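Structure first, commentary second.
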Amino acid sequence: MGPDYVKPATVPVQQLKYDAGWQPLPPQGWASSGEWWLAFGDEQLTALVQEANVNNQTLAQAEARYRAALAQRRTARADYSPTLSAAVDAARSSSDEVIGESSTARLGISWELDLWGRVRRQVEASSAQLAASAADLAAARLSIQLAVVNSYINLRALDVQHRILTQTMATFARSTELTRNQYDAGIVSRADVIQAETQLQSLRSDLYDLEAQRAIEENTIAALQGKPPVAFDLPRQDVLPAVPAIPAQLPGELIARRPDVVAAERNVAAANAQIGVAITAWLPTLSLDASGGVNGQNVSDLWNAPVRFWSVGPSLALTIFDGGRRSAAEDAAVASYDEQAAAYRQIVLDSLRDVENALATTSILREKAVQQARLVELAEENERVITNRYQSGLISYLEVAVAQNTTLNAKRTQVNVTAAQLAAAAELAGSIGGSWQVGDDVGDAAERPEQP
Numbered sequence: 000m001g002p003d004y005v006k007p008a009t010v011p012v013q014q015l016k017y018d019a020g021w022q023p024l025p026p027q028g029w030a031s032s033g034e035w036w037l038a039f040g041d042e043q044l045t046a047l048v049q050e051a052n053v054n055n056q057t058l059a060q061a062e063a064r065y066r067a068a069l070a071q072r073r074t075a076r077a078d079y080s081p082t083l084s085a086a087v088d089a090a091r092s093s094s095d096e097v098i099g100e101s102s103t104a105r106l107g108i109s110w111e112l113d114l115w116g117r118v119r120r121q122v123e124a125s126s127a128q129l130a131a132s133a134a135d136l137a138a139a140r141l142s143i144q145l146a147v148v149n150s151y152i153n154l155r156a157l158d159v160q161h162r163i164l165t166q167t168m169a170t171f172a173r174s175t176e177l178t179r180n181q182y183d184a185g186i187v188s189r190a191d192v193i194q195a196e197t198q199l200q201s202l203r204s205d206l207y208d209l210e211a212q213r214a215i216e217e218n219t220i221a222a223l224q225g226k227p228p229v230a231f232d233l234p235r236q237d238v239l240p241a242v243p244a245i246p247a248q249l250p251g252e253l254i255a256r257r258p259d260v261v262a263a264e265r266n267v268a269a270a271n272a273q274i275g276v277a278i279t280a281w282l283p284t285l286s287l288d289a290s291g292g293v294n295g296q297n298v299s300d301l302w303n304a305p306v307r308f309w310s311v312g313p314s315l316a317l318t319i320f321d322g323g324r325r326s327a328a329e330d331a332a333v334a335s336y337d338e339q340a341a342a343y344r345q346i347v348l349d350s351l352r353d354v355e356n357a358l359a360t361t362s363i364l365r366e367k368a369v370q371q372a373r374l375v376e377l378a379e380e381n382e383r384v385i386t387n388r389y390q391s392g393l394i395s396y397l398e399v400a401v402a403q404n405t406t407l408n409a410k411r412t413q414v415n416v417t418a419a420q421l422a423a424a425a426e427l428a429g430s431i432g433g434s435w436q437v438g439d440d441v442g443d444a445a446e447r448p449e450q451p
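Numbered as in numbering that gives the first Met the number 0, the sequence shown ends at 451 without a single skipped number.
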């Protein structure tokens, strides 16, 4: 009973607005495994992600929910089988000052025939819910992987920023010393010395800000690893991972395999099956019952000289009036289906938005990185020219400070652009389901419960 499931129609996914963000990706050995973080070519990052996959407690919760869904499907399938029961009773009664005793032992079997497909629809619903739970587990795992990658990128960007500030401090210190010497020689004013010292002190303050931000990112990674911050330490490494190439794939296939899209679609299937379950409540139930046992005055009679009895026969039952309970349950099931179908369509739209955002960001940042590299070259050249003019006494130190700050800001922005490119690559990986290889639907994990 009830409607057979048909996947709800969604917007067609044939092309992307910002498909210029795709790049051809040469064959990679890791692609089929789904270990997308290997594209960054960073062994430390790989170790952190793999450890989070094992020890993260949010993943442990999702895995427990999957096992609960697996047990729920076994519960639903149990209704296919008959129910066997056994009982032993002992009673004592009195009437007109006569006390009597009786004991009974009986064995019964009951089986409700699935005439209208109630059990089949219930199993269909629980199987879909199990697939949705498997997809939720995959989505939780992907979310944790993305969190580790993003925090790692931020931390390494802070390390590179620290190196740039440290190197710049050495340059500023030399400039400050030069200014003091020129002041002592009466070449420059005291204002130039103050300007140089102020600039140097500003960098010292910036270093403290970087240290605070790094501590936060390091503690975040520790929590994702399932460790307390005191037990985790990530040595400084002032090199960012390589920006990976973005693969060209069919967007429709990529979006269809996102864990959250799979989970939403399976929830629609489960809600559809529940409509059939609700409809069967209007129809009679037919069950076959059989029982047999022995009866005696006391327990010992059950084994010595019992009175045997048995019964067998069908039972047909139909609810005549329930105050609108069944009608309300059916309406609720239909409304739940409509809700899940709308949620599925929205998630598909959100998935398209995520892919478009990631592709647009990737494409724009690729061009920005080229322009930023050119800006760094010009700023460094300008700083050299300005410094030489200052040493010749042609200009004030204010122009040197401006040139040095321009170079510093250009270098720091270049680091931020590279970090944003890495984050955009991770975002795109998440928006297409984590793996950059179109493979089996994650929902098929429900058919492989030993490997959720």
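Glycine is no exception: its CB is placed at the ideal position from the N, C-alpha and C atoms. Bear in mind the structure is a predicted one, so any value in this text is a computation, not a measurement.
| Asked | Found |
| --- | --- |
| Tell me which residue opens and which closes the alpha helix (DSSP H) that A46 is part of. | E42 to N54 |
| Would you call the stretch 116-135 and the stretch 213-232 touching, i.e. three or more CB-CB distances under 8 angstroms? | no |
| Could you tell me if Q236 is buried or exposed, where buried requires 16 or more neighbouring beta carbons within 10 angstroms of its beta carbon? | exposed |
| For a minimum of 4 consecutive residues, which ranges assigned as the alpha helix (DSSP H) are wholly contained in the stretch 265-325? | 300-303 |
| Which residues bound the alpha helix (DSSP H) around A127? | R117 to D183 |
| Alpha carbon to alpha carbon, what distance is there between D205 and S125? | 56 angstroms |
| Would you list the one or two residues that DSSP bridges to E100? | R91 |
| Looking at N153: is its Cβ nearer than 8 angstroms to the Cβ of A425? | no |
| By DSSP's criteria, R110 is part of a beta bridge. Which residues make up the other side? | Just to set this straight, residue 110 is Trp in the shown sequence, not Arg. Beta-bridge pairing links W110 to L287. |
| On the CB-based measure, 16 or more other CB atoms within 10 Å of its CB, does S430 come out buried or exposed? | buried |
| Give a yes or no on contact between the stretch 262-271 and the stretch 115-129, applying the rule of three or more CB pairs nearer than 8 angstroms. | yes |
| Using a Cβ distance threshold of 8 angstroms, determine whether the stretch 383-402 contacts the stretch 331-339, with at least three qualifying pairs required. | no |
| At the level of alpha carbons, what is the spacing between V261 and R155? | 34 angstroms |
| Can you give the beta carbon distance from L374 to A418, rounded, assuming they're within the 8 angstroms contact cut? | About 17 angstroms separates the two Cβ atoms, so there is no contact after all. |
| Relative to the C-alpha of V293, which candidate in G1, D78, L83 and V87 has its C-alpha closest? | V87 |
| Where do the ends of the alpha helix (DSSP H) carrying I220 lie? | R189 to L223 |
| For L83, which three-state DSSP category applies? | strand |
| Closer than 7 angstroms to a non-hydrogen atom of the ligand MN - does that hold for the CB of L239? | This structure lacks the ligand MN, and indeed carries no ligand of any kind. |
| Quick check on Q370 - is its C-beta less than 8 angstroms from some C-beta in chain D? | Protein chains in the displayed structure number just one, and chain D is not present. |
| In terms of residue numbering, what span does the alpha helix (DSSP H) encompassing Q403 cover? | Y396 to S430 |
| Alpha carbon to alpha carbon, how far is A422 from A368? Give it in angstroms, no decimals. | 14 angstroms |
| For R257, name the three-state secondary structure that DSSP assigns. | coil |
| Can you tell me which of R352, T405 and E366 puts its alpha carbon nearest to the alpha carbon of A378? | T405 |
| Please check the pair L285 and L112, which I expect to be a contact at CB under 8 angstroms, by giving their CB distance rounded to whole angstroms. | 5 angstroms |
| How about G225 and N52: do their beta carbons lie closer than 8 angstroms? | no |
| How is R352 classed by DSSP in three states: helix, strand or coil? | helix |
| DSSP three-state call for R235: helix, strand or coil? | coil |
| Classify Y65: buried if its beta carbon has 16 or more other beta carbons within 10 angstroms, exposed otherwise. | buried |
| Which one of L317, L407 and V267 has the shortest CA to CA distance from H161? | L407 |
| Is it buried or exposed for I319, if we count other Cβ within 10 angstroms and need 16 for buried? | exposed |
| So, is S326 buried or exposed, given that buried needs 16 or more other C-beta atoms within 10 angstroms? | exposed |
| Please classify L129 as buried or exposed, where buried requires at least 16 other C-beta atoms within 10 Å of its C-beta. | buried |
| Would you mind sorting E382 into buried or exposed? The rule is 16 or more other CB atoms within 10 Å of its CB. | buried |
| By the three-class DSSP mapping on this structure, what secondary structure does Q450 have? | For Q450, the predicted model reports a pLDDT of 32, less than 50, meaning its position is unreliable; a value from the coordinates is still stated below. Correct three-state label for Q450: coil. |
| If we ignore side chains and look at the alpha-carbon of each, how far apart do N218 and P227 end up? | 8 angstroms |
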